[in-house]
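A short worksheet on the structure shown next.
Have a look at this one:
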């Protein structure tokens, strides 16, 4: 009886993985190898840049894993435009991609000024970059 219950539990678990698109292999530990982190020394002076920057970074982390691991985004505001691009290793899971991009955003926050007009991070399995539209910048 115990073997039958165990076999049923395994089959249910496998079917759940298949129908929910989940990867049933154990999760890989995030490779935090930082290949490069570049920060632009110029800074923006307006608070709206910061809001648009936050929007772009959030969208890159959230959407990139869902759209094929390569995503470009532009802030929604018609002024103070911020552009972003993120890409992940397509051989990794969506969850791994998101974790990698989260770590990339942390690196930008830790290593670059909060008002830096541009930054890019390249890890072994993902990369992320953001920049403010230069023609609209009023440097401080």
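In the numbering used here, the protein residues as written are 10 to 149. Even for Gly, the Cβ is constructed at its ideal location relative to N, Cα and C. For clarity, every value in this text was computed on a predicted model and none was experimentally measured.
Cutoff 8 Å; reference residue i; Cβ partners in own chain excluding five residues on either side
| i | result |
| --- | --- |
| residue 91 | 58, 61, 62, 64, 65, 83, 84, 139, 140, 141, 142 |
Test item: CB-CB of residue i and residue j under 9 Å
| i | j | result |
| --- | --- | --- |
| residue 112 | residue 99 | no |
| residue 73 | residue 132 | no |
| residue 96 | residue 46 | no |
| residue 104 | residue 48 | no |
| residue 134 | residue 55 | no |
Range covered by the alpha helix (DSSP H) that runs through residue i
| i | result |
| --- | --- |
| residue 70 | 56 to 72 |
| residue 119 | 103 to 120 |
Status (buried if at least 16 other CB within 10 Å, exposed otherwise) for residue i
| i | result |
| --- | --- |
| residue 50 | exposed |
| residue 44 | exposed |
| residue 118 | exposed |
| residue 76 | exposed |
| residue 38 | exposed |
7 Å CB neighbourhood of residue i in its chain, flanking five on each side removed
| i | result |
| --- | --- |
| residue 70 | 107, 110, 111, 114 |
Cβ neighbours of residue i in the same chain (closer than 6 Å, five flanking residues each side left out)
| i | result |
| --- | --- |
| residue 81 | 94 |
| residue 86 | 61 |
Segment limits, beta strand (DSSP E) that includes residue i
| i | result |
| --- | --- |
| residue 94 | 91 to 97 |
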